[in-house]
Structure formats: structure tokens, C-alpha cells
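Each remark here refers to the structure printed beneath this line.
Have a look at this one:
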């Protein structure tokens, strides 16, 4: 199950919780090393990926602090970007950040982005 608190921007994915205050250290506390993988690392940026509820989550960290979350449905698993956006209350901007649909023409994929303002 995936929900978001529109007042704080806290994203809940089953028992996991992510917000603009989430640090990389939280990942090691909450997930087994086999459940999450380092997807990309360069200078101050780190991306971690995990699968849950027929979706792929990519967590983008800058200087060890969560900047944004990219959520993509796994093909042929029933979840769609529109289902995800609907569950999160639609594309909107809030004082803590924004929720938007991201259409990546290069990779031919559509995903949901939750961006946190700093």
C-alpha cells in the first residue's frame, strides 16, 4: 500500500516512511541489504532502488538527504502511473514539494516523481 501525507509530504510504502528529512542511514535500518540496491553513485549523489507492491522505487539522495522519489509501475503487473498518481492525490504542488508525472522520452517510460523542496 502506498499513501502520502499531503500536509508533510511523508510517503508511506507499507511499513516504510520517506520524507524530505530521510537520510541514507534510514535505509540500512529499515531494509535488508538484499531488498535494496545501490543504483547509481557519483560525487554527492546516490540512488537506491527497491521493489514493492508491483512498483519500482528509486530514491535520489544528495549529500545523504532524500531529494526525490521516482515511482514506476512494473509492466504487466496491474499498476499504472495514473493509478499511482490517483492514490497520491494527483499532480500538485505543496509547500514541502510537489507530485508530478515524469515522461522520460529517452527511456520510453513514465513514472511519478515526488520532489522535496529544500
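Numbering (UniProt numbering), first residue to last: 1 to 118. C-beta atoms are modelled at their ideal positions from N, C-alpha and C, and glycine is treated no differently. What you are looking at is a predicted structure, and each value in this text was computed from that prediction instead of being measured.
The three-state reading of DSSP puts residue 87 in helix, counting H, G and I together. Note that the C-beta distance between residue 113 and residue 61 is not below 7 Å. Residue 94 sits in coil when the DSSP states are folded into three classes, being neither helix nor strand.
Closest by C-alpha distance to residue 70, out of 20, 9, 115, is 115. In this chain, the alpha helix (DSSP H) harbouring residue 25 covers 24-30. Rounded to the nearest angstrom, the Cβ distance from residue 97 to residue 4 is 10 Å, too far for a contact under 8 Å. The shortest CA-to-CA distance from residue 2 to any of 29, 51, 27 is the one to 51. With a contact defined as Cβ atoms closer than 8 Å, residue 56 and residue 47 miss out at about 12 Å. Pairing residue 103 with residue 12, the inter-Cα distance amounts to about 23 Å. By the C-beta density criterion, residue 72 is buried, having at least 16 other C-beta atoms within 10 angstroms. Shown here for residue 25: same chain residues with a beta carbon closer than 8 Å to its own, the five before and five after excluded, namely 64 in chain order.
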